[in-house]
Amino acid sequence: MNNKVEKYIMKKIEEEGSIHMTLIDPEKTDIKSCAEIAYSAEVAGSSAIMVGGSTLASQNLLDEVINSIKSKVSIPVILFPNNLSGVSRYADAIWFMSLLNSSNTYYIIDAQALAAPLIKQYKIEAMPMGYIIVGDGGAAGYIGHARPIPYNHPEIALCYALAAETLGMRFVYLEGGSGAIKPIPPEMIRVVKSHLNIPLIVGGGIKDGIAAGRAAEAGADIIVTGTMIEMERDEVVGKIREIIKNIKRKDKSKG
Ligand code: 1GP
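First residue of the sequence shown? That's 2 in our numbering, and the numbers climb one at a time after it.
This is the structure we're talking about:
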């Protein structure tokens, strides 16, 4: 099995404590800017570029964006799919994700069943991940028919995260929703991470180094930001550098 990207991620987490990934939504940014943002993110120290968006409908657009990003960066380009349209043969890997707290089986297993043969045919590295939507959940929560877990119930998030681990998934993603007004509370991250043995990804509403630092300190292994980079394009390098400075080698609360 080819798991080059997963090995790279695990090594980076081991060496650096917490790492950063930049999320690019092809529907929110033109193709040229996608590549420029990705390049700036790599220069600033992002470990990977994730590509996807809750309403992404065009596989052609995705292919073009991935190719354009890949021509500019050497860090891995990882698919973050919303649906079948989120699969591109040109990516280095795919988060093969199940929205565990969806009320619709399509987002838990049916879309995955339809996509699996294609992923095998394209020989894309698949990284199995349990996706858990919390807080307001944003567009991903709405589109994915999620029952978002309230921020004040970290114990429920923990149950789903442990289900992911027990099912053999290799990553858990706590998603607050793109552009969320409030990022996921550190307490929820802490409770989930304290019992989890697989890497924890956290994203949604993280807008600066302070919020990223709090998430890392609470136990996030991978911090994802998207909106902040779209909004402050001129300052991408500075903003990501600030995040990376704040998340490196935090004392994680795993115990
Ligand atoms: C969304 O968690 C990611 O899926 C990133 O969220 O756009 O709020 O950074 P933001």
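Backbone N, C-alpha and C define an ideal beta-carbon position, used for all residues, glycine too. Computed from a predicted model, the values in this text were never measured in an experiment.
In terms of Cβ geometry, I202 and V225 form a close pair [threshold 8 Å]. Buried is the label assigned to D222, since at least 16 other Cβ atoms lie within 10 Å of its Cβ. Here DSSP, grouped into helix, strand and coil, assigns P184 to coil. Contact check for V238 and M128: beta-carbon distance about 27 Å, past the 8 Å limit, so the pair fails to qualify. In this structure, V173 and A181 do not form a Cβ contact; the two beta carbons are roughly 18 Å apart against a cut-off of 8 Å.
In the structure shown, the three-state DSSP call for M170 is coil.
A distance criterion of 7 Å places the beta-carbon of M229 in contact range of ligand 1, judged by its closest non-hydrogen atom. One thing to note: E231 has its Cβ within 8 Å of the Cβ of K29. Under the DSSP assignment, V52 falls in the beta strand (DSSP E) whose first and last residues are A49 to V52.
With respect to D31, G227 sits apart: the two C-beta atoms are not nearer than 8 Å. Its Cα nearest to that of L24, the residue I38 stands out among E17, K12 and I38. If you look at S99, you'll find it in the beta strand (DSSP E) that goes A94 to L100.
Not a single heavy atom of ligand 1 lies less than 7 Å from the C-beta of G239.
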